[in-house]
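One structure is given here, and the rest of the page talks about it.
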Amino acid sequence: MSVLSIRMSEAEYKALEKYARVNSVSMNKAMKDAFFEKLEDEYDIECFDKAYADFLKDPVTYSTEEVKKILKI
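Quick note on numbering: our numbering labels position 7 of the sequence shown as 8, and the sequence is numbered without any gaps.
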């Protein structure tokens, strides 16, 4: 397992410490969760941007009822 050292101000450290305590997690878990949430958010934005660009090329939409009919649901 790898170890990572992070430098932060005293105020940042105290904020992280308080966040971890309030959420009943270790500071390590709080940092890991925040990092992976940020990574996931950026991936979601990238996917949205691509989907929106595709939509702008062919802006056809379907209602729920139309989709059900197409899929024979």
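Beta carbons: idealized from backbone N, C-alpha and C, even for Gly. Please read all numbers here as calculations on a predicted model, not as lab measurements.
Test item: CB-CB of residue i and residue j under 8 Å
i, j, result
"Asp-24", "Ala-16", "A quick correction: the sequence has Asn, not Asp, at residue 24. Not a contact, by the Cβ cut-off of 8 Å."
Local conformation of residue i per DSSP, three classes
i, result
"Asp-59", "coil"
"Asn-24", "coil"
"Val-4", "coil"
"Lys-51", "helix"
Assumed close pair residue i, residue j - CB separation to whole angstroms, cut-off 8 Å
i, j, result
"Ser-27", "Ala-35", "In fact, because the Cβ distance is near 13 Å, the residues do not count as touching under 8 Å."
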